[in-house]
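Enquirer: In this text, residue positions in the sequence shown follow this note's numbering: the first is 4, and each later residue adds one.
Even for Gly, the Cβ is constructed at its ideal location relative to N, Cα and C.
All figures in this text were calculated on a predicted structure; none of them were measured in a lab.
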Amino acid sequence: MLFKYHNRSAIQAVILTSLLLAGCGNSAAIESLVSADPRLKEIKQQSQATRLEASQDSAPVKDNDSLSATPPSGEAAAQSSVPSNFPASFPVYPQAKLQETKSEGDNSGMLVWNTTDNRKAVADYYQTELLANDWEIIKPFTLNPEQKIARAIAVKDDLKVEMTLLPLAEAAESDNNNTQLSVSYRPRSQDIPESEIQATNPAENSQPAQNNQGQTQQPTQRASSSKPNNQADFADLDEVSEQLQQPLESVAALGVLTPYTGEANVELSKFAPNKIITRGEYARWLITANNRYYSDNPGKKIYVATETNQPAFQDVKPNDPDFAAIQSLAEAGLIPSRLTEDNTNLLFRPDAPLTREDLITWKVPLDTRQSLPKASIEAIEESWGFQDAESIDSAAIRALYADFQNGDRSNIRRIFGYTTLFQPKKPITRAEAGASLWYFGFQGDGITAREVLDSTTDVDS
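1. Nearest by alpha-carbon distance to E252: which of Y442, F326, Q446 and G447 is it?
2. DSSP three-state call for F419: helix, strand or coil?
3. Are the stretch 392 to 402 and the stretch 425 to 432 touching by the rule of at least three beta carbon pairs closer than 8 Å?
4. Excluding sequence positions up to five away, which residues of its chain have a Cβ less than 7 Å from the Cβ of I418?
5. Pick helix, strand or coil for K142, following the three-state DSSP scheme.
6. Could you have a look at Y1 and say whether DSSP puts it in helix, strand or coil?
7. Pop quiz: D354 and T281 are said to be a contact at Cβ under 8 Å. What is the actual Cβ separation, rounded to whole angstroms?
8. Please report how far the alpha carbon of N277 lies from the alpha carbon of Q249, in whole angstroms.
9. Within 10 Å of its beta-carbon, does L184 have 16 or more other beta-carbons around it, so buried, or fewer, so exposed?
10. Rounding to the nearest angstrom, what Cα-Cα distance links F144 and Y263 in this structure?
11. Within the chosen definition, does the stretch 280 to 297 reach the stretch 322 to 332 through at least 3 CB pairs nearer than 8 Å?
12. I need the boundaries of the beta strand (DSSP E) containing S106, first residue and last residue.
13. What separation, rounded to the nearest whole angstrom, lies between the Cα atoms of E344 and Q408?
14. Given 8 Å as the limit, is there contact between the stretch 302 to 309 and the stretch 373 to 389, that is, 3 or more CB pairs closer than that?
15. Check whether the stretch 125 to 141 touches the stretch 154 to 168, counting contact only when three or more Cβ pairs, one atom from each stretch, lie closer than 8 Å.
16. Starting from the Cα of S272, find the closest Cα among N322, F237 and L260 and give me that residue.
17. Per DSSP, which one or two residues make a beta bridge with F445?
18. To the nearest angstrom, report how far apart D160 and V186 are at their CA atoms.
19. Rounded to the nearest angstrom, what separates D120 and P97 at their Cα positions?
20. Assuming L146 contacts N294 under a Cβ cut-off of 8 Å, what Cβ separation, rounded to an integer in Å, is found between them?
21. Which residues mark the beginning and the end of the alpha helix (DSSP H) in which E334 is found?
22. Hey, L362 and I431: beta-carbon distance below 8 Å or not?
23. Counting only the same chain and skipping the five closest in sequence on each side, list residues whose C-beta sits under 8 Å from that of S69.
24. Looking only at DSSP bridge pairs, what is L289 linked to?
25. Can you give the beta carbon distance from N117 to L171, rounded, assuming they're within the 8 Å contact cut?
26. On the criterion of 16 or more Cβ atoms from any shown chain inside 10 Å, does S92 qualify as buried, or is it exposed?
27. Report the partner residues of K163 according to the DSSP bridge assignment.
28. Is Q130 near G258, with beta carbons less than 8 Å apart?
29. By the three-class DSSP mapping on this structure, what secondary structure does T432 have?
30. Excluding the 5 residues preceding and the 5 following L342 in the sequence, name in chain order all residues of the same chain whose CB lies nearer than 8 Å to its CB.
31. Nearest-angstrom Cα distance between T451 and A292?
32. Can you give me the Cβ contacts of S413 inside the same chain, cut-off strictly under 8 Å, excluding the 5 residues immediately before and after it?
33. Does the beta-carbon of R372 have 16 or more other beta-carbons within 10 angstroms, so that it is buried, or is it exposed?
34. Quick check: the Cα distance between Y188 and T309, rounded to an integer number of angstroms?
35. From the DSSP output, in three-state form, read off L342 for me.
36. Quick one: residues in its chain with C-beta nearer than 8 Å to the C-beta of L456, no 5 flanking neighbours on either side, listed in chain order?
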(Lines of atoms letter the chains of each structure in order from A and count residues from 1; the text may use other names and numbers.)
(Lines give C-alpha, C1' and ligand atoms only; values in the text may rest on other atoms or scores of the structure.)
Protein backbone atom coordinates (compact mmCIF):
# COMPACT_ATOMS: atom_id res chain seq x y z
CA MET A 1 0.00 0.00 0.00
CA LEU A 2 2.76 2.44 0.90
CA PHE A 3 4.50 1.60 -2.40
CA LYS A 4 1.39 2.55 -4.39
CA TYR A 5 1.06 5.87 -2.48
CA HIS A 6 4.69 6.73 -3.14
CA ASN A 7 4.33 5.98 -6.92
CA ARG A 8 1.21 8.15 -7.16
CA SER A 9 2.97 11.05 -5.44
CA ALA A 10 5.96 10.79 -7.76
CA ILE A 11 3.76 10.70 -10.88
CA GLN A 12 1.77 13.72 -9.64
CA ALA A 13 4.95 15.68 -9.15
CA VAL A 14 6.18 14.92 -12.67
CA ILE A 15 2.85 15.83 -14.31
CA LEU A 16 2.52 19.01 -12.25
CA THR A 17 5.98 20.14 -13.24
CA SER A 18 5.23 19.46 -16.89
CA LEU A 19 1.96 21.42 -16.81
CA LEU A 20 3.58 24.39 -15.14
CA LEU A 21 6.35 24.45 -17.63
CA ALA A 22 3.88 24.19 -20.47
CA GLY A 23 1.93 27.15 -19.09
CA CYS A 24 -1.23 25.13 -18.82
CA GLY A 25 -4.14 27.21 -17.51
CA ASN A 26 -6.34 24.26 -16.56
CA SER A 27 -6.48 24.94 -12.78
CA ALA A 28 -9.13 22.25 -12.22
CA ALA A 29 -6.79 19.57 -13.51
CA ILE A 30 -3.99 20.80 -11.30
CA GLU A 31 -6.31 20.86 -8.25
CA SER A 32 -7.33 17.25 -8.83
CA LEU A 33 -3.72 16.21 -9.04
CA VAL A 34 -2.49 17.92 -5.86
CA SER A 35 -5.58 17.16 -3.71
CA ALA A 36 -5.16 14.63 -0.86
CA ASP A 37 -6.01 11.02 -1.46
CA PRO A 38 -9.62 10.47 -0.21
CA ARG A 39 -8.54 7.27 1.52
CA LEU A 40 -5.88 9.17 3.52
CA LYS A 41 -8.47 11.76 4.54
CA GLU A 42 -10.81 9.02 5.70
CA ILE A 43 -8.03 7.39 7.72
CA LYS A 44 -7.19 10.77 9.36
CA GLN A 45 -10.83 11.38 10.32
CA GLN A 46 -11.10 7.91 11.85
CA SER A 47 -7.91 8.52 13.90
CA GLN A 48 -9.22 11.85 15.23
CA ALA A 49 -12.54 10.26 16.19
CA THR A 50 -10.71 7.49 18.05
CA ARG A 51 -8.58 9.98 20.04
CA LEU A 52 -11.65 12.08 20.93
CA GLU A 53 -13.51 9.02 22.17
CA ALA A 54 -10.54 7.97 24.30
CA SER A 55 -10.20 11.42 25.87
CA GLN A 56 -13.92 11.45 26.72
CA ASP A 57 -13.63 8.04 28.38
CA SER A 58 -10.70 9.17 30.57
CA ALA A 59 -12.15 12.56 31.54
CA PRO A 60 -14.03 12.84 34.88
CA VAL A 61 -17.80 12.66 34.62
CA LYS A 62 -19.44 16.01 35.22
CA ASP A 63 -23.04 17.01 35.66
CA ASN A 64 -24.92 20.23 36.23
CA ASP A 65 -24.76 20.01 40.02
CA SER A 66 -21.19 18.99 40.83
CA LEU A 67 -17.66 18.77 39.51
CA SER A 68 -15.35 15.92 40.27
CA ALA A 69 -12.31 16.85 42.37
CA THR A 70 -9.58 15.24 44.40
CA PRO A 71 -10.94 14.48 47.88
CA PRO A 72 -9.47 16.75 50.58
CA SER A 73 -7.02 15.24 53.02
CA GLY A 74 -5.64 16.05 56.47
CA GLU A 75 -7.10 19.02 58.28
CA ALA A 76 -8.93 20.14 55.13
CA ALA A 77 -10.82 16.85 55.12
CA ALA A 78 -11.67 17.20 58.81
CA GLN A 79 -13.00 20.71 58.21
CA SER A 80 -14.84 20.01 54.98
CA SER A 81 -18.23 19.36 56.58
CA VAL A 82 -18.22 21.45 59.76
CA PRO A 83 -21.21 23.75 60.24
CA SER A 84 -20.85 27.36 59.14
CA ASN A 85 -21.34 28.58 62.72
CA PHE A 86 -18.38 26.54 64.02
CA PRO A 87 -15.71 28.89 65.47
CA ALA A 88 -13.25 29.62 62.65
CA SER A 89 -10.29 30.00 65.04
CA PHE A 90 -10.88 26.65 66.75
CA PRO A 91 -8.34 24.10 65.42
CA VAL A 92 -9.63 20.87 63.89
CA TYR A 93 -7.56 17.77 64.61
CA PRO A 94 -5.75 16.61 61.43
CA GLN A 95 -6.80 13.31 59.83
CA ALA A 96 -9.88 13.06 62.07
CA LYS A 97 -13.09 11.76 60.49
CA LEU A 98 -16.23 13.74 61.19
CA GLN A 99 -18.94 11.40 62.49
CA GLU A 100 -21.73 13.67 63.65
CA THR A 101 -22.75 17.33 63.57
CA LYS A 102 -25.52 19.10 65.40
CA SER A 103 -26.33 22.79 65.08
CA GLU A 104 -28.28 24.26 67.98
CA GLY A 105 -28.48 27.91 66.99
CA ASP A 106 -26.49 30.76 65.51
CA ASN A 107 -23.41 30.13 67.69
CA SER A 108 -24.08 26.76 69.28
CA GLY A 109 -23.61 23.18 68.23
CA MET A 110 -21.80 19.90 68.72
CA LEU A 111 -19.46 17.84 66.54
CA VAL A 112 -17.97 14.38 66.96
CA TRP A 113 -14.77 13.15 65.30
CA ASN A 114 -12.96 9.82 65.33
CA THR A 115 -9.18 9.53 65.00
CA THR A 116 -6.73 6.63 65.06
CA ASP A 117 -4.44 8.59 67.43
CA ASN A 118 -4.50 8.08 71.19
CA ARG A 119 -5.87 10.54 73.73
CA LYS A 120 -2.47 11.92 74.69
CA ALA A 121 -1.69 12.89 71.10
CA VAL A 122 -5.03 14.69 70.79
CA ALA A 123 -4.65 16.41 74.18
CA ASP A 124 -1.09 17.59 73.37
CA TYR A 125 -2.25 18.94 70.00
CA TYR A 126 -4.99 21.08 71.56
CA GLN A 127 -2.76 22.23 74.41
CA THR A 128 -0.46 23.82 71.81
CA GLU A 129 -2.86 24.84 69.05
CA LEU A 130 -5.50 26.46 71.26
CA LEU A 131 -2.91 28.73 72.84
CA ALA A 132 -1.49 29.52 69.40
CA ASN A 133 -4.97 30.62 68.29
CA ASP A 134 -5.48 32.83 71.38
CA TRP A 135 -7.90 30.50 73.17
CA GLU A 136 -7.67 30.41 76.96
CA ILE A 137 -7.71 26.90 78.43
CA ILE A 138 -9.60 27.30 81.70
CA LYS A 139 -9.72 23.55 82.30
CA PRO A 140 -6.98 21.40 80.73
CA PHE A 141 -7.37 17.74 79.87
CA THR A 142 -6.84 15.33 82.77
CA LEU A 143 -5.58 12.03 81.35
CA ASN A 144 -6.02 9.29 83.90
CA PRO A 145 -5.77 5.65 82.75
CA GLU A 146 -8.42 4.71 85.31
CA GLN A 147 -10.96 7.09 83.78
CA LYS A 148 -12.30 6.69 80.26
CA ILE A 149 -13.48 10.27 79.92
CA ALA A 150 -11.16 13.27 79.70
CA ARG A 151 -12.61 16.75 79.42
CA ALA A 152 -11.24 20.23 78.78
CA ILE A 153 -12.75 23.69 78.49
CA ALA A 154 -11.48 26.65 76.48
CA VAL A 155 -12.88 30.15 76.03
CA LYS A 156 -12.32 32.99 73.60
CA ASP A 157 -14.25 36.24 73.49
CA ASP A 158 -17.89 35.24 74.14
CA LEU A 159 -17.47 31.58 73.09
CA LYS A 160 -16.97 28.57 75.30
CA VAL A 161 -15.90 25.20 73.92
CA GLU A 162 -16.01 21.93 75.83
CA MET A 163 -13.99 18.98 74.54
CA THR A 164 -14.43 15.36 75.53
CA LEU A 165 -11.99 12.55 74.74
CA LEU A 166 -13.28 8.99 74.82
CA PRO A 167 -11.38 5.84 73.77
CA LEU A 168 -13.38 3.93 71.17
CA ALA A 169 -14.75 0.54 72.17
CA GLU A 170 -12.93 -1.23 69.36
CA ALA A 171 -9.64 0.16 70.67
CA ALA A 172 -9.93 -1.54 74.05
CA GLU A 173 -7.57 -4.31 72.99
CA SER A 174 -5.03 -2.02 71.31
CA ASP A 175 -3.85 0.42 74.00
CA ASN A 176 -6.67 2.82 73.17
CA ASN A 177 -4.98 4.01 69.99
CA ASN A 178 -8.35 5.20 68.69
CA THR A 179 -10.12 8.19 70.15
CA GLN A 180 -13.48 9.89 69.85
CA LEU A 181 -13.39 13.67 70.21
CA SER A 182 -16.62 15.54 70.82
CA VAL A 183 -16.65 19.35 70.74
CA SER A 184 -19.58 21.32 72.12
CA TYR A 185 -19.58 25.08 71.55
CA ARG A 186 -21.90 27.84 72.71
CA PRO A 187 -21.87 31.47 73.88
CA ARG A 188 -20.62 31.79 77.43
CA SER A 189 -23.91 33.45 78.34
CA GLN A 190 -25.62 30.10 77.65
CA ASP A 191 -23.48 27.96 79.96
CA ILE A 192 -25.08 24.65 80.88
CA PRO A 193 -24.83 23.44 84.49
CA GLU A 194 -22.24 20.73 85.15
CA SER A 195 -24.88 18.11 85.96
CA GLU A 196 -26.55 18.60 82.58
CA ILE A 197 -23.24 18.39 80.74
CA GLN A 198 -22.48 15.03 82.37
CA ALA A 199 -25.90 13.79 81.36
CA THR A 200 -25.03 14.41 77.70
CA ASN A 201 -22.11 11.98 78.01
CA PRO A 202 -23.82 8.68 78.83
CA ALA A 203 -20.63 6.73 78.18
CA GLU A 204 -19.10 8.41 81.24
CA ASN A 205 -21.74 6.99 83.57
CA SER A 206 -22.85 3.89 81.64
CA GLN A 207 -20.92 1.43 83.79
CA PRO A 208 -21.27 1.69 87.58
CA ALA A 209 -17.96 1.42 89.38
CA GLN A 210 -17.15 -1.43 91.73
CA ASN A 211 -15.18 -1.26 94.95
CA ASN A 212 -12.48 -3.72 95.99
CA GLN A 213 -15.12 -6.12 97.31
CA GLY A 214 -16.92 -6.22 93.97
CA GLN A 215 -19.88 -4.23 95.29
CA THR A 216 -21.50 -1.84 92.84
CA GLN A 217 -21.09 1.83 93.62
CA GLN A 218 -23.15 4.64 92.23
CA PRO A 219 -21.20 7.07 90.05
CA THR A 220 -20.12 10.11 92.00
CA GLN A 221 -20.96 13.48 90.57
CA ARG A 222 -17.96 15.69 89.99
CA ALA A 223 -17.84 18.37 92.65
CA SER A 224 -17.81 21.96 91.55
CA SER A 225 -14.95 22.96 93.83
CA SER A 226 -12.95 26.15 93.63
CA LYS A 227 -9.82 24.28 94.76
CA PRO A 228 -7.77 22.72 91.96
CA ASN A 229 -7.23 19.00 92.07
CA ASN A 230 -3.45 19.36 92.08
CA GLN A 231 -2.60 15.70 91.67
CA ALA A 232 -5.33 14.76 89.19
CA ASP A 233 -2.76 14.07 86.49
CA PHE A 234 0.11 12.54 88.48
CA ALA A 235 0.18 10.12 91.37
CA ASP A 236 3.86 10.48 92.27
CA LEU A 237 4.32 14.18 93.02
CA ASP A 238 4.88 13.32 96.69
CA GLU A 239 8.25 11.82 95.74
CA VAL A 240 9.90 15.23 95.44
CA SER A 241 11.58 17.27 98.14
CA GLU A 242 9.39 19.42 100.37
CA GLN A 243 10.95 22.56 98.87
CA LEU A 244 9.70 21.70 95.37
CA GLN A 245 6.45 19.87 96.08
CA GLN A 246 4.05 22.81 96.45
CA PRO A 247 5.34 24.77 93.42
CA LEU A 248 5.32 21.60 91.33
CA GLU A 249 1.74 20.75 92.29
CA SER A 250 0.55 24.24 91.32
CA VAL A 251 2.23 24.04 87.92
CA ALA A 252 0.85 20.54 87.36
CA ALA A 253 -2.66 21.77 88.10
CA LEU A 254 -2.35 24.21 85.19
CA GLY A 255 -1.91 21.36 82.73
CA VAL A 256 1.55 22.54 81.69
CA LEU A 257 3.48 19.39 82.58
CA THR A 258 3.36 16.11 80.67
CA PRO A 259 3.69 12.46 81.75
CA TYR A 260 7.04 10.73 81.72
CA THR A 261 7.59 8.98 78.40
CA GLY A 262 11.03 7.47 78.95
CA GLU A 263 11.75 3.78 79.48
CA ALA A 264 8.70 2.85 77.41
CA ASN A 265 6.40 4.22 80.12
CA VAL A 266 2.74 4.36 79.14
CA GLU A 267 1.27 5.37 82.52
CA LEU A 268 -0.35 8.78 82.14
CA SER A 269 -0.34 9.23 85.92
CA LYS A 270 3.43 8.81 86.18
CA PHE A 271 5.35 12.08 86.27
CA ALA A 272 8.67 10.57 87.44
CA PRO A 273 9.81 13.77 89.18
CA ASN A 274 13.36 12.58 89.82
CA LYS A 275 14.08 11.51 86.23
CA ILE A 276 16.10 13.73 83.92
CA ILE A 277 14.21 16.02 81.53
CA THR A 278 15.25 16.47 77.91
CA ARG A 279 15.91 19.77 76.21
CA GLY A 280 13.01 19.27 73.82
CA GLU A 281 10.46 18.58 76.53
CA TYR A 282 11.50 21.57 78.62
CA ALA A 283 11.22 23.81 75.55
CA ARG A 284 7.61 22.66 75.22
CA TRP A 285 6.86 23.22 78.91
CA LEU A 286 8.48 26.66 78.85
CA ILE A 287 6.50 28.08 75.95
CA THR A 288 3.25 26.47 77.17
CA ALA A 289 3.68 27.93 80.65
CA ASN A 290 4.59 31.40 79.39
CA ASN A 291 1.57 31.58 77.10
CA ARG A 292 -0.69 30.16 79.80
CA TYR A 293 0.41 32.75 82.38
CA TYR A 294 0.06 35.61 79.91
CA SER A 295 -3.00 34.41 78.01
CA ASP A 296 -4.56 37.88 78.31
CA ASN A 297 -1.37 39.78 77.50
CA PRO A 298 -0.40 39.35 73.82
CA GLY A 299 2.71 41.49 74.30
CA LYS A 300 4.24 38.82 76.55
CA LYS A 301 3.14 35.74 74.65
CA ILE A 302 5.47 33.79 72.39
CA TYR A 303 3.82 33.22 69.05
CA VAL A 304 4.01 29.61 67.93
CA ALA A 305 5.94 28.98 64.73
CA THR A 306 4.38 27.17 61.79
CA GLU A 307 5.76 24.29 59.76
CA THR A 308 6.50 26.65 56.88
CA ASN A 309 9.28 28.40 58.78
CA GLN A 310 12.89 27.62 57.94
CA PRO A 311 14.16 25.32 60.71
CA ALA A 312 16.51 27.06 63.13
CA PHE A 313 18.37 23.81 63.79
CA GLN A 314 19.51 21.07 61.46
CA ASP A 315 18.29 18.28 63.76
CA VAL A 316 14.78 19.63 64.46
CA LYS A 317 12.64 19.25 61.36
CA PRO A 318 9.03 20.45 60.96
CA ASN A 319 7.72 16.91 61.58
CA ASP A 320 9.41 16.76 65.00
CA PRO A 321 6.79 16.80 67.82
CA ASP A 322 8.67 19.61 69.59
CA PHE A 323 9.43 21.63 66.44
CA ALA A 324 6.86 24.36 67.15
CA ALA A 325 8.16 25.02 70.66
CA ILE A 326 11.86 24.91 69.78
CA GLN A 327 11.44 26.98 66.61
CA SER A 328 9.36 29.57 68.46
CA LEU A 329 11.95 30.02 71.19
CA ALA A 330 14.69 30.31 68.57
CA GLU A 331 12.75 32.89 66.53
CA ALA A 332 12.14 34.88 69.70
CA GLY A 333 15.91 34.88 70.28
CA LEU A 334 15.55 33.07 73.61
CA ILE A 335 17.82 30.17 72.69
CA PRO A 336 21.06 30.47 70.70
CA SER A 337 20.69 29.32 67.09
CA ARG A 338 21.68 30.15 63.54
CA LEU A 339 18.96 32.84 63.67
CA THR A 340 21.01 34.69 66.28
CA GLU A 341 24.03 34.38 63.99
CA ASP A 342 25.55 31.83 66.33
CA ASN A 343 27.02 29.39 63.83
CA THR A 344 28.26 27.16 66.63
CA ASN A 345 24.66 26.19 67.48
CA LEU A 346 23.51 24.39 64.35
CA LEU A 347 22.22 21.42 66.38
CA PHE A 348 19.67 21.62 69.18
CA ARG A 349 19.91 18.01 70.45
CA PRO A 350 16.28 17.77 71.63
CA ASP A 351 16.80 14.37 73.28
CA ALA A 352 19.86 15.45 75.26
CA PRO A 353 19.50 16.18 78.99
CA LEU A 354 18.65 19.74 79.96
CA THR A 355 21.52 21.18 82.03
CA ARG A 356 21.44 23.82 84.74
CA GLU A 357 23.02 26.43 82.50
CA ASP A 358 20.50 25.58 79.74
CA LEU A 359 17.59 26.23 82.09
CA ILE A 360 18.97 29.53 83.35
CA THR A 361 19.87 30.75 79.86
CA TRP A 362 16.37 30.04 78.51
CA LYS A 363 14.21 30.96 81.50
CA VAL A 364 15.74 34.20 82.84
CA PRO A 365 15.02 36.30 79.69
CA LEU A 366 11.33 35.45 80.16
CA ASP A 367 11.60 36.82 83.72
CA THR A 368 13.40 40.07 82.98
CA ARG A 369 11.79 40.85 79.57
CA GLN A 370 14.82 42.98 78.73
CA SER A 371 18.37 42.62 77.48
CA LEU A 372 20.57 40.68 79.84
CA PRO A 373 23.26 42.74 81.57
CA LYS A 374 26.93 42.38 80.80
CA ALA A 375 28.68 40.26 83.37
CA SER A 376 32.00 38.58 84.06
CA ILE A 377 33.16 35.51 85.90
CA GLU A 378 34.32 37.79 88.70
CA ALA A 379 30.81 39.27 88.98
CA ILE A 380 29.32 35.79 89.43
CA GLU A 381 31.92 34.89 92.04
CA GLU A 382 31.16 38.07 93.98
CA SER A 383 27.36 37.86 93.69
CA TRP A 384 26.53 34.17 93.91
CA GLY A 385 29.83 33.04 95.39
CA PHE A 386 30.03 30.11 93.00
CA GLN A 387 33.34 28.31 93.25
CA ASP A 388 32.97 26.85 89.74
CA ALA A 389 32.16 30.11 87.94
CA GLU A 390 35.00 29.61 85.47
CA SER A 391 33.29 26.52 84.02
CA ILE A 392 30.02 28.32 83.24
CA ASP A 393 29.10 29.18 79.64
CA SER A 394 29.31 32.87 78.76
CA ALA A 395 25.58 33.12 77.87
CA ALA A 396 24.68 31.58 81.22
CA ILE A 397 26.98 34.05 83.02
CA ARG A 398 24.81 36.98 81.92
CA ALA A 399 21.58 35.13 82.78
CA LEU A 400 22.91 34.19 86.22
CA TYR A 401 23.86 37.78 86.99
CA ALA A 402 20.36 38.97 86.06
CA ASP A 403 18.81 36.14 88.08
CA PHE A 404 20.76 37.25 91.16
CA GLN A 405 19.02 40.62 90.96
CA ASN A 406 15.64 38.89 91.32
CA GLY A 407 16.19 38.26 95.02
CA ASP A 408 14.35 35.42 96.71
CA ARG A 409 12.35 34.71 93.56
CA SER A 410 15.41 34.01 91.48
CA ASN A 411 15.40 30.64 89.78
CA ILE A 412 18.57 29.56 91.57
CA ARG A 413 17.18 30.18 95.06
CA ARG A 414 13.74 28.72 94.28
CA ILE A 415 15.06 25.52 92.66
CA PHE A 416 18.41 24.80 94.27
CA GLY A 417 18.29 26.75 97.54
CA TYR A 418 21.56 27.97 99.00
CA THR A 419 24.61 26.64 97.20
CA THR A 420 28.16 27.72 96.44
CA LEU A 421 28.42 25.33 93.50
CA PHE A 422 26.40 25.92 90.36
CA GLN A 423 27.47 22.69 88.57
CA PRO A 424 26.53 24.12 85.14
CA LYS A 425 26.63 20.81 83.25
CA LYS A 426 24.57 18.88 85.80
CA PRO A 427 21.28 17.54 84.30
CA ILE A 428 18.00 18.98 85.54
CA THR A 429 15.34 16.71 87.01
CA ARG A 430 11.72 16.90 85.89
CA ALA A 431 10.76 18.21 89.33
CA GLU A 432 13.32 21.02 89.15
CA ALA A 433 12.24 21.91 85.61
CA GLY A 434 8.58 22.01 86.61
CA ALA A 435 9.28 24.10 89.72
CA SER A 436 11.19 26.65 87.64
CA LEU A 437 7.90 27.48 85.89
CA TRP A 438 6.11 28.39 89.12
CA TYR A 439 7.03 32.07 88.72
CA PHE A 440 7.57 34.45 85.80
CA GLY A 441 8.68 37.98 86.64
CA PHE A 442 11.40 40.32 87.81
CA GLN A 443 11.89 42.33 90.97
CA GLY A 444 8.33 42.05 92.21
CA ASP A 445 6.60 42.48 88.87
CA GLY A 446 5.49 38.96 88.02
CA ILE A 447 2.92 36.21 88.35
CA THR A 448 2.86 32.82 90.08
CA ALA A 449 1.13 29.58 89.19
CA ARG A 450 -1.15 30.00 92.20
CA GLU A 451 -2.30 33.40 90.95
CA VAL A 452 -3.06 31.91 87.52
CA LEU A 453 -5.06 29.12 89.17
CA ASP A 454 -7.03 31.60 91.26
CA SER A 455 -7.87 33.72 88.23
CA THR A 456 -8.95 30.58 86.33
CA THR A 457 -11.20 29.62 89.22
CA ASP A 458 -12.86 33.04 89.12
CA VAL A 459 -13.55 32.73 85.39
CA ASP A 460 -14.82 29.16 85.67
CA SER A 461 -17.16 30.04 88.53
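Expert: Answer, in terms of the structure:
1. Y442
2. helix
3. yes
4. Correct list, in chain order: E435, A438 and S439.
5. strand
6. Residue coverage of the chain in this structure runs from 4 to 464, which leaves residue 1 outside it and unanswerable.
7. 5 Å
8. One C-alpha to the other measures close to 15 Å.
9. Under this definition L184 is a buried residue.
10. So the alpha carbons of these two residues sit roughly 16 Å apart.
11. yes
12. Taken as a continuous stretch (DSSP letters only), the beta strand (DSSP E) holding S106 covers K100 to S106.
13. 28 Å
14. no
15. yes
16. F237
17. D448
18. For D160 and V186, the gap between their C-alpha atoms comes out near 17 Å.
19. 10 Å
20. In fact, because the Cβ distance is near 20 Å, the residues do not count as touching under 8 Å.
21. F326 to E334
22. yes
23. Bear in mind that the predicted position of S69 carries a pLDDT of just 34, short of 50, making it unreliable; the figure below should be weighed with that in mind. Result list for S69: empty, nothing under 8 Å.
24. DSSP lists no partner for L289.
25. 7 Å
26. exposed
27. Residue pairing by DSSP places K163 opposite V158 and R189 in a beta bridge.
28. yes
29. strand
30. A315, A333, E334 and G336
31. 11 Å
32. D406 and F407
33. exposed
34. Their Cα atoms are separated by approximately 26 Å.
35. In the structure shown, L342 sits in a helix (DSSP, three-state: H, G or I).
36. P231, S253, A256 and L257
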